[in-house]
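Participant: Submitted below is the structure of interest, expressed as structure tokens.
Protein chains: 2
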Amino acid sequence: MKPVNVYVLCVLALTLAWPLDIARAMEEPLPSWNNGPVKKSIISFVERVTTEGSADFVWPSERIAVFDNDGTLWAEQPVYFQLQFAFDRVKALAPKHPEWNKNPALKPLLAGNMKGFLAGGEKALGEVMAVTHAGMTTAEFKQIVTEWMMTAKHPRFQKAYNEVVYQPMIELLHYMRANGFKTFIVSGGGVEFMRAWVEKVYGVPPEQVVGSMGKQKFELRNGKPVLVKLPGVDFINDKDGKPIGIQRFIGRVPIFAFGNSDGDHQMLQWTAAGPGARFMGLVHHTDAEREWAYDRKSHIGKLDKALDEAVERRWTIVDMKQDWNRLFPFEP
Amino acid sequence: MKPVNVYVLCVLALTLAWPLDIARAMEEPLPSWNNGPVKKSIISFVERVTTEGSADFVWPSERIAVFDNDGTLWAEQPVYFQLQFAFDRVKALAPKHPEWNKNPALKPLLAGNMKGFLAGGEKALGEVMAVTHAGMTTAEFKQIVTEWMMTAKHPRFQKAYNEVVYQPMIELLHYMRANGFKTFIVSGGGVEFMRAWVEKVYGVPPEQVVGSMGKQKFELRNGKPVLVKLPGVDFINDKDGKPIGIQRFIGRVPIFAFGNSDGDHQMLQWTAAGPGARFMGLVHHTDAEREWAYDRKSHIGKLDKALDEAVERRWTIVDMKQDWNRLFPFEP
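Top line first, the protein sequences correspond to chains G and R. Numbering that gives the first Met the number 0 puts the first residue of the first sequence at 0, with every later residue one more than the last. Numbering that gives the first Met the number 0 puts the first residue of the second sequence at 0, with every later residue one more than the last.
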């Protein structure tokens, strides 16, 4: 059989397969999102940038989508989950460190006096991070995070923390990837903390996670190389740091960004500044019943200036209560 | 026509196309590599980790391959190309900076006195980097690098610097990607300098380039966000820094690594330390006729301790003169 016949058959097969494709495309994407202007704004953007011949068409290599994590992909109340991990870790390690009972930063925490701990401010927080996030190899730390994820439970939902993720956003991650986007997490959270679990939960591989970083040291231990996590912060991927983190790790300006707080403000501005079609989205926590309602006055996930700019520039604002028919995967 | 018939036709078409695929696969890969143990070691490794059912099989998501740049993917003599860029830039900017003629670091350089400049050591080098790599936005810097690439010529080959790249390594990058590997550059060079041109030349997208980094600042200029490159180094991705850079940017241990100097030693050790099948390769510059011959005593691309360990642990060592039948794409 001559090669040309193979091509003829291929073209024929593809032509006949066409109706199947259309049927698949007609399945409603993003089922946990209610129909309305928000869902429509996402789908319309994706269709515009992926339709060849459209004025807004973007080549797949440039389809970079960035997502904040805390409060955008998973919940962040009553306290940032990584901070809870650190608190739990202090308690778990305390028996081996009797000296911590004399440490002004750690003592109130061990006594369950959260108000007293918080009075210690950033210094106390730094101390907690140093004793829980340093002094082990990167492989050991990954193991510690993995075990915590398997055992710790969120106080309100009584589920593992990595189950307290937003179902609509997981659908959105899949939808973006199905449309040729490369999805990145760009979070203030620690990059080593996130990479221990995000691939399984979000389908985002470690090399597409941008986050805050501590110092590290390369060492040969009995001839075997290890990376040791040291106390001391090297890079904070929050606020002004987010565009810098994006530039450093990704090196392209995203065309799609989703956040939920003022910590994401500069990331959204940076995304909006590029040429061509752009999508900027904010998750607004408006659902006190199914989750929490907070914005301008919250200590965690404060959303104030970014909300003003989003309204002014007509960025997409998700009203969680109204726009999401399902919040968590564990809901019936 | 019923859907089942579409499948029948598809299967039929694919079956008939099979011989074409086989013919393509039988084309010898890596044509610029001479047949011999080195080429064989690469192909045998790739076949082992990509054959399902093989004891050494590795899932595509874990197929991370890292490549040094200077001296591994492109040449690095008579002086690192990025340094030449900095020198050229000092000369280009000098007319606007009469004060540089009084600057002890820059004066010898402007007078063409390279020995005098080198006597200034790291301090003088830092000064050159500060005045050429800072004080502009990231977008402006990209433009400057792009223009230099289009105009500057390598002194020996009289070609643009990004043509003085190793044809066998470009074939290797393609071959690895064709086998499901994600290829990363992990270089001591500046990440912003490389990203300006590597995608076109190597097919490596910006988000897969790990390198040294300077400080940056996010700024709104008339409401438009920019990232400004500041003087001061933030991270040196060389020697001990390479495993740290890999951990930070990629977050997985590579299974395949190629370097050419002691600056790549720890990256090779780190790659070798992981479980399962591993490939560690060194380009040994042995070809004074077509390029340069240097190793243990060279100031640029010194290869000494890594060479000893490579011999001892039977890592793959490319003898450039013997193993490569073609060095540069511009050769006839």
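Glycine included, every Cβ here is placed at the ideal spot set by N, Cα and C.
Taking the C-alpha atoms as reference points, what is the distance between residue 88 of chain G and residue 213 of chain G?
Facilitator: Computed Cα separation, rounded: 17 Å.
Participant: Would you check if the region 101 to 120 of chain R and the region 213 to 225 of chain R touch, i.e. whether three or more CB-CB distances between them fall below 8 Å?
Facilitator: Because the criterion of three Cβ pairs below 8 Å is not met, the region 213 to 225 of chain R and the region 101 to 120 of chain R do not touch.
Participant: Using CA atoms only, rank isn't needed, just tell me which of G:124, G:95, G:46 and G:94 is closest to residue 83 of chain G.
Facilitator: Ranking G:124, G:95, G:46 and G:94 by Cα distance to residue 83 of chain G puts G:124 first.
Participant: If we count the other Cβ atoms within 10 Å of its Cβ and call it buried at 16 or more, is residue 271 of chain G buried or exposed?
Facilitator: The residue in question, residue 271 of chain G, is buried, as its Cβ has 16 or more Cβ neighbours within 10 Å.
Participant: How far does the alpha helix (DSSP H) with residue 36 of chain G in it reach, from first residue to last?
Facilitator: 36 to 49 is the extent of the alpha helix (DSSP H) around residue 36 of chain G.
Participant: Can you tell which of G:160, G:169 and G:42 has the C-alpha that lies nearest to the C-alpha of residue 26 of chain G?
Facilitator: Here the closest residue by C-alpha is G:42.
Participant: If residue 374 of chain G sits next to residue 206 of chain R, beta carbons under 8 Å apart, how far is it from one beta carbon to the other, in whole angstroms?
Facilitator: Residue 374 of chain G lies beyond the residue range present for chain G, which begins at 0 and ends at 331; the question has no answer from this structure.
Participant: If you reduce the DSSP assignment to three classes, tell me which class residue 324 of chain G lands in.
Facilitator: Residue 324 of chain G falls in the coil class under three-state DSSP.
Participant: I'd like the list of long-range same chain contacts for residue 282 of chain R, defined as Cβ closer than 8 Å, with 5 residues on each side in sequence excluded.
Facilitator: So the qualifying residues of the chain are 70, 71, 165, 168, 257, 258, 259, 317 and 319.
Participant: At a CB distance below 7 Å, what residues from the region 218 to 231 of chain R approach chain G? Give them in sequence order.
Facilitator: So the list reads 223, 224 and 226, given in the order they occur along the chain.
Participant: How would you write the range of the alpha helix (DSSP H) that residue 173 of chain R sits in, first residue to last?
Facilitator: Residue 173 of chain R -> alpha helix (DSSP H) spans 166 to 177.
Participant: Would you check if the distance between the CB atom of residue 78 of chain G and the CB atom of residue 108 of chain G is smaller than 8 Å?
Facilitator: Result no, Cβ atoms of residue 78 of chain G and residue 108 of chain G do not sit closer than 8 Å.
Participant: So does the region 92 to 105 of chain G actually touch the region 274 to 289 of chain G, counting three or more Cβ pairs closer than 8 Å?
Facilitator: Touching, no.
Participant: Can you give me the Cβ contacts of residue 141 of chain G inside the same chain, cut-off strictly under 8 Å, excluding the 5 residues immediately before and after it?
Facilitator: Cβ neighbours of residue 141 of chain G beyond the five flanking positions: 191, 194 and 195.
Participant: Whole angstroms is fine: what's the gap from residue 216 of chain R's alpha carbon to residue 228 of chain G's?
Facilitator: Spanning the two alpha carbons is a distance of roughly 26 Å.
Participant: Can you tell me whether residue 75 of chain R is buried or exposed? The criterion is at least 16 other CB atoms within 10 Å of its CB, across all chains shown.
Facilitator: So residue 75 of chain R counts as buried.
Participant: Is the Cβ-Cβ distance between residue 268 of chain G and residue 238 of chain G less than 8 Å?
Facilitator: Going by C-beta atoms, residue 268 of chain G is not nearer than 8 Å to residue 238 of chain G.
Participant: Closest Cβ-Cβ distance between residue 179 of chain R and chain G: below 8 Å?
Facilitator: Not closer than 8 Å to any Cβ of chain G, the Cβ of residue 179 of chain R fails to qualify, so no.
Participant: Considering just the uninterrupted stretch of the alpha helix (DSSP H) at residue 159 of chain G, what are its terminal residues?
Facilitator: Careful: residue 159 of chain G lies outside any alpha helix (DSSP H) and carries neither H nor E.
Participant: Using a Cβ-Cβ cut-off of less than 7 Å, give me the residues of the region 263 to 283 of chain G that come near chain R, in sequence order.
Facilitator: Under the 7 Å Cβ criterion, the region 263 to 283 of chain G contributes 265, 268, 269 and 272.
Participant: At a CB-CB cut-off below 8 Å, which residues of chain R make contact with residue 70 of chain G?
Facilitator: Simply none; closest approach about 21 Å.
Participant: Quick one: measure Cβ to Cβ for residue 184 of chain G and residue 80 of chain G, integer angstroms, because I've assumed they're closer than 8 Å.
Facilitator: Actually they are not in contact, since the Cβ atoms of residue 184 of chain G and residue 80 of chain G sit about 14 Å apart, beyond 8 Å.
Participant: Would you call residue 324 of chain R buried or exposed, if buried means 16 or more other Cβ atoms sit within 10 Å of its Cβ?
Facilitator: Exposed: under 16 other Cβ atoms inside 10 Å.
Participant: If distances are taken between C-alpha atoms only, which option among G:64, G:160, G:129 and G:242 comes closest to residue 144 of chain G?
Facilitator: Residue 144 of chain G has its Cα closest to that of G:160, out of G:64, G:160, G:129 and G:242.
Participant: For a cutoff of 8 Å on Cβ pairs, would you count residue 250 of chain G as touching chain R?
Facilitator: Cβ-Cβ to chain R under 8 Å: yes for residue 250 of chain G.
Participant: Could you check whether the Cβ of residue 60 of chain R sits closer than 8 Å to any Cβ belonging to chain G?
Facilitator: So yes, residue 60 of chain R belongs to the interface.
Participant: Starting from the C-beta of residue 329 of chain R, find all residues in its chain whose C-beta is less than 6 Å away, skip the five residues before and the five after it, and write them out in chain order.
Facilitator: Excluding residues within five positions, the ones whose Cβ falls inside 6 Å are 158 and 162.
Participant: To the nearest angstrom, how far is the alpha carbon of residue 321 of chain G from that of residue 34 of chain G?
Facilitator: Approximately 10 Å between the Cα atoms of the pair.
Participant: Residue 54 of chain R: buried (16+ other C-beta within 10 angstroms of its C-beta) or exposed?
Facilitator: Residue 54 of chain R comes out exposed.
Participant: So residue 225 of chain R is in the beta strand (DSSP E); what residue range does that whole segment cover?
Facilitator: Residue 225 of chain R -> beta strand (DSSP E) spans 223 to 234.
Participant: To the nearest angstrom, report how far apart residue 204 of chain R and residue 60 of chain G are at their CA atoms.
Facilitator: So the alpha carbons of these two residues sit roughly 8 Å apart.
Participant: Could you check whether residue 68 of chain R and residue 211 of chain R sit closer than 8 Å to each other, using their CB atoms as the reference points?
Facilitator: The answer is no: Cβ separation not under 8 Å.
Participant: Can you tell me whether residue 0 of chain G is buried or exposed, with buried defined as 16 or more other CB within 10 angstroms of its CB?
Facilitator: A caution first: residue 0 of chain G carries a pLDDT of 43, below 50, which makes its placement in the model too unreliable to give a value.
Participant: Measure from the alpha carbon of residue 176 of chain G to the alpha carbon of each residue in G:327, G:331, G:326 and G:28, then state which is nearest.
Facilitator: Among G:327, G:331, G:326 and G:28, the Cα nearest to that of residue 176 of chain G belongs to G:28.
Participant: Counting only Cβ pairs nearer than 7 Å, list the residues of chain R close to residue 243 of chain G.
Facilitator: Within chain R, the residues near residue 243 of chain G are 215, 217 and 226.
Participant: Helix, strand or coil for residue 130 of chain G per DSSP?
Facilitator: Looking at residue 130 of chain G - three-state DSSP - the assignment turns out to be helix.
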